[in-house]
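Colleague:
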Amino acid sequence: MLYVRAILNVKPDQRETLIEAAKPCIEATLKEPGCVEYELHTSLSDPNRLVFLELWESAEHLGPHGKSDHMKAFGKVAAGCLAGPPRIEYITPAKVDVK
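Position 13 of the sequence shown, counted from 1, bears residue number 5 in this note's numbering, the numbering being contiguous throughout.
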């Protein structure tokens, strides 16, 4: 199993735009092979910090996700909504990798 936590700091005036763009992406991602969970949450301490929590059967299942049409479409919208680069953590029982 592979857990992914993606932390997005969003421009305040672009928050709703990003959330709306995420909805079809989440729906499509949940249908991908190997996707167990894929959720978007808002930080309790900062409403402009959104967090994707993902669970994949394996890293091999995650690979095609980033190349999917729905992720490409979401990425185009997100590029104009983010206040900075996302922080992505890949979590396994053995280690945590941050990118």
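Backbone N, C-alpha and C fix where the C-beta goes; we use that ideal spot for every residue, glycine too.
1) Return the chain-ordered list of same chain residues with a C-beta closer than 8 Å to the C-beta of valine 69, the five sequence neighbours on each side being excluded.
2) Can you tell me which of the three DSSP states glutamate 46 falls into?
3) Please give the ranges of any alpha helix (DSSP H) in the stretch -7 to 62, keeping only runs that are unbroken, at least 4 residues long and fully inside the region.
4) Thinking C-alpha only, which one of Pro16, Glu81, Asp89, Tyr82 is nearest aspartate 61?
5) Considering only their Cβ atoms, is the gap separating leucine 47 from tyrosine -5 smaller than 7 Å?
Modeller: In terms of the structure at hand:
1) Thr9, Leu10, Ala13
2) strand
3) 7 to 21, 51 to 57
4) Pro16
5) yes
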